[in-house]
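J.: Chains as they are written, first to last, in the numbering used here: chain A, 1 to 298; chain H, 1 to 328; chain G, 1 to 324; chain L, 1 to 306.
Don't be surprised by glycine CBs; every beta carbon is placed ideally from N, CA and C.
Handing you a structure now.
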Amino acid sequence: MAQVLPESVPRSTPDGIVQETLPSRQFPGIPLFILVFLLVLPGLFAPYLAPHNPIRGSLRARLQPPVWVQGGTITHPLGTDKVGRDILSRIIYGARISLAVSLVAILVSGVIGTALGLMAGYFGGRLDALIMRLVDISLGLPVILLALVFVAAIGASFITVVVVTTVLLWARYARQVRGETLSIRERDFIARARVAGASHFRIMLRYIFPNVINTLTVLATLQIGAVILLESALSFLGAGIPRPTPTWGSMIADGRDLIVVAWWIAMFPGLAIMLTVLSLNLLGDWLRDRLDPKLRNI
Amino acid sequence: MTRHIGDVILQVDDLHTYCFTRWGVVKAVDGVSFALRQGETLGIVGESGCGKSMTALSLLRLVPRPVARIVQGRVLLQGENLLDKSEREMRHIRGRRLSMILQDPQTSLNPVFTIGNQLLEAIHIHHKGSPRTLLSRAINALSQVRVAAPERRVEDYPHQMSGGMKQRVVGAIALSCEPHVIIADEPTTSLDVTIQAQYLRLLREIQEETGLSIIFITHDFGIVAKMCDRVMVMYAGRVVESGPVRDIFNHPAHPYTQALLQSVPTMEERPERLYAIEGQPPALWELPPGCRFTARCPYAEARCEQTYPSSFAVGVDHTADCWRLQEA
Amino acid sequence: MSETPLLQVHHLKKHFPVTRGLLAMKTIGWVKAVDDISFSVPQGETLALVGESGCGKTTTAKLILRLEEPTDGEILIDGQPVHDLRGNALKAYRTAVQAVFQDPWSSLNPRMRVRQIVAEPLVINRKMSRAAVAARVQEVLDSVGLRPQQANLYPHEFSGGQRQRIAVASALISQPKLIILDEPVSALDVSIRAQIMNLLVDLQQAYHVSYVLIAHHLATTRYMAHEVAVMYLGKIVERARTEALFTEPLHPYTRALFSAALPGHPDITREEIILPGEVPSPINPPSGCRFHTRCPVAQSQCAEIEPEETDIAPGHMVACHLYN
Amino acid sequence: MQRYIIIRLLQSLLALWVMSLIVFGLARVTGDPIDALLPIEATLEERETIRRNWGLDKPLHTQYLVFLSKAVRGDFGNSWKWQGHTAMGLVLARLPATLELAGVAIAISIVLALPLGVLAAVKKDTLFDSVGKMVALLGQSLPAFWLGIILMWIFAVMLGWLPTSGRGGISRLILPAVSLGWFQVAVIMRLVRSAMLDVLDSEFVKLTRVKGLSEWKVIWKHCLRNAAIVPLTYFAINAGVLMTGSVVIENVFVWPGTGRLALEAIQARDFQVVQAIVIIFATVFLFANLIVDILYAYLDPRIRYQ
């Protein structure tokens with residue numbers, strides 16, 4: 001980490017001052033590694049990777065500690081829960097839910113939020129006021145509570161979780177994209193495009209959208225972490241994907257009451273969440289440094 | 001002009017300020033020397049990135065750290081080397097003996113405090129006194145820069161003022177503790193022409209009243225012609241020519257100065273064609289060993305590429321760094 | 001000068017409403033950005049609009065470019081009212097009128113390659129084969145002094161001067177009749193400005209294109225323009241052929257501008273006219289002659305009666321009571 | 001200024017109204033609202049009573065108007081689970097506990113995050129900054145409920161320093177408040193840091209240094225006031241996050257607040273109580289926003305003199 005020279009890029013601006021960017025971070029190798037082996041691979045290939053059936057346990061093997069603790073066996077490296085289910089296998093299957101929920105939610109909310117944000121920022125006026133009001137309202141919703149209400153009314157399901165997260169997330173995209181669009185709209189290349197006769201649609205698609213992609217990438221990366229946290233909280237409260245499907249949040253809920261006698265039940269799924277989200281945050285930070293147009297030579 | 005020009009008040013010897021970046025060492029200021037006399041106006045002219053602003057910040061020891069560092073040189077203000085001072089001592093010098101007017105009035109005032117607050121703060125650092133006397137000093141400073149109804153203006157926030165008015169306030173802050181030397185870093189570039197004329201006249205009047213020395217940083221030879229006694233032309237971190245303003249305009253010696261003067265259209269006549277300097281200034285992190293203007297110079301020879309020319313005298317107090325002058 | 005000028009502007013007005021209110025927006029005043037101006041530009045000539053910020057020169061440019069709708073008055077290109085154009089006529093107009101903006105750092109889309117940027121006006125408005133477009137791109141890049149290989153680069157790989165050349169190339173590609181130059185050199189380094197000014201003058205001679213030059217720097221207009229119109233608070237106060245204006249500026253505001261312009265040599269001393277105060281707000285501008293609040297020679301009638309545009313000499317218009 | 005607050009107030013009311021629509025709608029999205037409104041074991045008689053009380057035999061818009069007119073008066077009907085209590089009464093009785101928890105969490109996050117963020121920006125690229133950044137990143141990556149469980153395990157179970165759950169006294173407040181505020185500390189610290197970096201770069205800071213102002217005053221007077229605006233904006237958004245975060249944390253620590261009430265009510269399908277909670281949460285959130293808006297105007301004269 002110790003470096004004699006500050007790692008930074010000189011940038012000649014029109015006013016000629018050499019500006020310095022933030023020191024660029026190292027390539028996030030470890031975070032990417034964690035993501036692949038904790039989220040992506042298990043999420044895609046859980047049935048091939050998991051040593052045991054995640055749903056059915058054997059009562060004889062209940063409350064076994066991890067392998068390095070006295071009484072633990074290599075059969076269940078991370079131990080078992082109170083009905084004898086293998087923690088490791090459940091974590092591997094749990095990754096599926098985290099991956100699926102976050103990808104679907106990010107995609108849906110990203111598309112909706114970006115489209116609305118582009119329109120709000122580009123057209124301005126009443127449309128902008130309307131969309132931004134909706135954004136404010138959506139950001140002000142007590143999401144977890146609303147999710148609980150949803151679950152009470154409709155019942156817990158994958159769809160419920162995705163709908164609830166989308167309701168929260170689209171607004172963040174819309175807000176961010178609108179802000180960027182507002183500033184891009186004032187730049188002269190938009191005026192040039194209008195002079196050249198480009199339609200509104202073409203301007204949004206060819207001129208504004210490519211200039212917000214970087215921001216969207218960064219935001220999406222950071223939001224995946226937020227979705228995983230939200231999903232786990234819902235599962236923890238019993239408002240997520242219904243049992244017996246293993247999710248990281250519901251595993252922690254299982255372990256809560258047993259924390260005194262079997263700390264590993266709550267510990268490992270929590271660590272899985274933490275490491276995944278931490279990796280996503282590190283990756284997002286790195287992407288921000290790399291991609292954010294403000295820090296690059298334009 | 002009825003100004004009295006006195007002894008040397010500020011002398012800069014062989015100043016080097018480098019920026020240490022990933023792309024290499026940016027030699028923003030690379031061996032700058034000059035002297036400023038009391039009551040005199042010295043112009044520093046150059047294009048963006050030539051090091052003129054970095055020179056100014058180096059004098060105040062306010063270069064952006066940790067990236068930039070003053071690596072060598074002396075800055076003698078009334079005989080004391082500022083580069084030897086502690087940060088604490090520097091704070092007593094800034095504003096009180098050496099001050100600066102920044103370029104952009106829109107951003108150089110803090111939007112959340114009243115201008116009275118910001119002005120009083122400047123005065124309070126260097127003067128003790130009852131709130132009442134300090135306030136009257138602040139009001140005086142505002143009237144010195146011809147702000148109408150200064151008693152009421154002290155209550156205003158920056159956003160309630162026009163650009164020209166804000167720049168006057170910035171001037172009042174810089175002048176409020178009666179500094180001996182003031183650095184004006186392109187103070188009029190963002191102002192309209194008629195407002196610029198007001199501001200330039202104001203600076204000249206204040207100089208006549210107080211005997212202030214001014215370093216005027218600009219990219220515009222017109223401002224030099226109007227305001228300065230002596231001028232120093234910078235290119236890529238070095239001073240390529242310096243001398244009395246009339247000498248420079250009448251007999252520019254360095255090819256860069258010559259080209260700059262010819263490339264600017266004037267009010268007085270319309271040339272058939274403007275002289276255009278081809279190419280652009282070199283990147284400061286990959287400077288050639290020789291003269292930095294070589295690539296754009298119509299007279300470039302082999303030796304220009306290899307060794308940086310020494311300074312040659314071309315008149316009284318008038319020097320230029322160009323090999324062509326060696327023979328003359 | 002018997003044929004109809006390329007661009008005609010008749011009694012053009014643009015007023016922006018100032019609104020206030022919680023739910024129902026109420027108009028409480030009007031910003032008279034452009035208030036009844038007229039001028040014309042013949043084919044192959046340059047008209048400069050000069051004035052300080054807020055004088056309406058940029059709004060005028062936007063009106064000509066159809067980026068704003070006029071409140072009143074009309075703009076004619078080749079005798080056709082610009083703001084009535086629809087369909088194919090509009091497409092033809094979009095190729096006939098182009099623009100170069102002030103800031104080369106913001107006027108090129110950072111996510112498009114140079115060849116895409118330059119080709120855009122053709123791609124949008126004309127049906128041409130890819131090969132024909134590519135050939136035309138090479139042609140204009142060459143005419144602005146850029147190398148063909150540079151077409152595949154992105155804007156951030158260029159310096160300010162080169163970027164402005166790209167912007168000029170893009171404006172030229174559709175063989176326009178008129179290019180609006182909005183402060184084309186003021187954001188550039190001093191040593192680069194002459195390159196671009198020379199280029200623009202050369203291109204005008206080569207292609208017989210007309211320019212409307214927006215500028216605040218008088219010396220630039222002297223070099224580039226055939227005719228100069230001086231604007232103050234939404235009005236044209238004086239308009240004349242360049243030589244005539246620079247030999248004998250008549251309007252007190254023009255004179256003040258001339259006096260404020262920086263000299264080219266320390267020995268040049270001009271009559272010093274320092275105008276008091278600042279440009280008043282264009283919301284509810286001063287009555288009578290708008291300049292009377294700062295005018296050194298204002299008389300009593302100036303505050304009440306608006307001066308008429310009067311031709312003092314052929315082609316030299318001035319709006320001031322001194323010359324009535 | 002007045003105008004600005006009035007606009008904000010109107011917007012808040014609008015948001016509240018939308019919220020009422022959602023709450024009303026949710027109970028009716030799935031066929032017969034009675035199914036959603038009442039637990040499965042409710043008797044036919046009870047169903048009929050509710051149907052009549054809520055006017056469910058009338059058209060939808062009439063139903064909504066009835067709901068709204070009652071809601072405006074704070075009447076969400078009687079609780080199903082806690083017989084003999086009104087829904088609103090139950091919620092209001094539990095609200096102080098939640099506000100106490102959220103308030104302490106906010107206090108912790110501000111007291112820690114503001115100075116840490118400022119120092120991280122001032123000491124940019126030093127060890128302090130790196131450690132600060134790591135702590136902040138970690139804070140944003142921990143699920144609050146898990147942190148709560150682990151803290152409880154360490155400090156209450158293993159070390160026995162603090163009680164595990166319940167309300168009463170400062171000792172019982174520490175663990176839940178830290179768990180709830182942890183995420184906020186991380187976020188606010190990062191925001192303050194980046195806002196400070198922007199401000200430190202600005203021209204007016206340069207001018208204060210030219211004046212000869214001490215670095216301490218430059219940072220704590222000039223920079224902080226400008227930089228505070230950014231995290232404040234975030235804070236408005238996250239007042240809601242804190243409120244909902246309390247649902248999770250209260251259940252971990254068996255804290256007798258509205259969050260716990262919410263979960264109990266939902267599990268018992270006590271929709272009257274749920275509706276009251278949602279509306280109360282929204283009101284608290286909007287009220288917090290309003291306060292932030294007023295603070296905003298205090299910090300930034302450009303808004304004050306609009």
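Put A187 of chain G into one of helix, strand or coil per three-state DSSP.
T.: In the structure shown, A187 of chain G sits in coil (DSSP, three-state: anything other than H, G, I, E or B).
J.: List, in order along the chain, the chain G residues whose C-beta lies closer than 7 angstroms to that of L203 of chain H?
T.: Result: empty, since nearest Cβ-Cβ is about 13 angstroms, beyond 7 angstroms.
J.: Hey, would you say S356 of chain G sits closer than 8 angstroms to E120 of chain G, going by beta carbons?
T.: Outside the displayed range of chain G (1 to 324) lies residue 356 of chain G, so it cannot be described from this structure.
J.: Quick check: the Cα distance between L22 of chain A and T21 of chain H, rounded to an integer number of angstroms?
T.: With a pLDDT of only 41 at L22 of chain A, under 50, the local geometry of the prediction cannot be trusted, and the value read off the model is given with reservation. Answer to the nearest angstrom: the Cα atoms are 11 angstroms apart.
J.: Is it the case that the region 69-80 of chain H contacts the region 37-48 of chain H, given that we only count it when at least three CB pairs across the two stretches are under 8 angstroms?
T.: Because the criterion of three Cβ pairs below 8 angstroms is not met, the region 37-48 of chain H and the region 69-80 of chain H do not touch.
J.: Kindly indicate which three-state DSSP category P81 of chain G falls into: helix, strand or coil?
T.: P81 of chain G falls in the strand class under three-state DSSP.
J.: Measure the Cβ-Cβ separation of L233 of chain G and A256 of chain G and say whether it is below 8 angstroms.
T.: Result no, Cβ atoms of L233 of chain G and A256 of chain G do not sit closer than 8 angstroms.
J.: Using a C-beta cutoff of 8 angstroms, does V277 of chain A count as contacting chain L?
T.: Output row for V277 of chain A: interface = yes.
J.: Starting from W30 of chain G, trace the beta strand (DSSP E) in both directions and tell me its first and last residue.
T.: It spans K26 to V41 - the beta strand (DSSP E) in which W30 of chain G sits, taken as one unbroken run.
J.: Along chain A, in chain order, which residues have C-beta atoms closer than 7 angstroms to that of R111 of chain G?
T.: By Cβ distance, chain A contributes P210 and N211.
J.: Could you tell me if F287 of chain L is buried or exposed, where buried requires 16 or more neighbouring beta carbons within 10 angstroms of its beta carbon?
T.: So F287 of chain L ends up on the exposed side.
J.: Closest Cβ-Cβ distance between V210 of chain L and chain H: below 8 angstroms?
T.: Yes - at least one Cβ of chain H is within 8 angstroms of the one on V210 of chain L.
J.: Could you tell me the alpha carbon to alpha carbon distance between L284 of chain H and R201 of chain H, rounded to whole angstroms?
T.: Whole-angstrom Cα-Cα distance: 36 angstroms.
J.: Who pairs with P244 of chain H in a beta bridge, going by DSSP?
T.: Answer is H:R230.
J.: Anything in chain L within Cβ reach of P131 of chain H, meaning under 9 angstroms, just list it in chain order.
T.: Those within 9 angstroms of P131 of chain H in chain L number zero; the least Cβ separation is about 17 angstroms.
J.: Which residues, taken in chain order from the region 256-268 of chain H, show a beta carbon closer than 9 angstroms to some beta carbon of chain G?
T.: Flagged, chain order: Y256, A259, L260, L261, Q262, S263, V264, P265, T266, M267 and E268.
J.: Taking the continuous beta strand (DSSP E) assigned at I214 of chain G, which residues delimit it?
T.: Note, I214 of chain G: beta strand (DSSP E), S210 to A215.
J.: Using only alpha-carbon positions, find the residue among L:L92, L:I188, L:A97 and L:A227 that is nearest to G169 of chain L.
T.: Out of L:L92, L:I188, L:A97 and L:A227, L:A97 has the C-alpha closest to the C-alpha of G169 of chain L.
J.: In terms of DSSP beta bridges, what is S311 of chain H paired with?
T.: Paired residues: H:D321.
J.: In three-state DSSP terms, what is D257 of chain A?
T.: It is coil, neither helix nor strand.
J.: For L103 of chain A, which option in A:A262, A:A253, A:L169 and A:I55 has the closest C-alpha, if you only look at C-alpha atoms?
T.: Of A:A262, A:A253, A:L169 and A:I55, the residue nearest in Cα terms is A:L169.
J.: Return the CA-CA distance between N88 of chain G and L134 of chain A, expressed in angstroms with no decimal places.
T.: For N88 of chain G and L134 of chain A, the distance between alpha carbons rounds to 40 angstroms.
J.: Thinking C-beta only, is R175 of chain A closer than 8 angstroms to V218 of chain A?
T.: Not a contact, by the Cβ cut-off of 8 angstroms.
J.: Considering only the alpha carbon of each residue, which of G:I196, G:Y207 and G:R239 lies closest to M224 of chain G?
T.: Nearest option by C-alpha distance: G:I196.
J.: Which term fits D267 of chain G, buried or exposed, when burial requires 16 or more other beta carbons within 10 angstroms of its beta carbon?
T.: Exposed, by the Cβ-count rule.
J.: Quick test of your reading: S263 of chain H and S191 of chain G, contact by CB under 8 angstroms. State the CB separation rounded to the nearest angstrom.
T.: Correct: roughly 6 angstroms between the Cβ atoms.
J.: Less than 8 angstroms between the beta carbons of I291 of chain L and L180 of chain L, yes or no?
T.: Their beta carbons are not under 8 angstroms apart, which means I291 of chain L does not touch L180 of chain L by this criterion.
J.: Find the nearest neighbour of C297 of chain H within the set H:P255, H:T133, H:S33 and H:D192, judged by alpha-carbon distance.
T.: Of H:P255, H:T133, H:S33 and H:D192, the residue nearest in Cα terms is H:P255.
J.: Within 8 angstroms of any Cβ in chain G, is that where the Cβ of A225 of chain H sits?
T.: Chain G contact via Cβ: present.
J.: Please list, in chain order, the residues of the region 27-40 of chain A that have any C-beta partner in chain G closer than 8 angstroms.
T.: Of all residues in the region 27-40 of chain A, none has a Cβ within less than 8 angstroms of some Cβ in chain G.
J.: Could you give the DSSP three-state label for Y235 of chain H: helix, strand or coil?
T.: In the structure shown, Y235 of chain H sits in a strand (DSSP, three-state: E or B).
J.: Could you tell me whether the region 89-98 of chain A touches the region 259-278 of chain A, where touching means 3 or more Cβ pairs closer than 8 angstroms?
T.: Yes, they touch.
J.: Beta-carbon of E47 of chain H versus every beta-carbon of chain G: anything under 8 angstroms?
T.: Yes, because at least one Cβ of chain G sits closer than 8 angstroms to the Cβ of E47 of chain H.
J.: Please classify R290 of chain A: does DSSP put it in a helix, a strand, or coil?
T.: Correct three-state label for R290 of chain A: helix.
J.: W264 of chain A: buried (16+ other C-beta within 10 angstroms of its C-beta) or exposed?
T.: The residue is buried, with at least 16 neighbouring Cβ atoms inside 10 Å.
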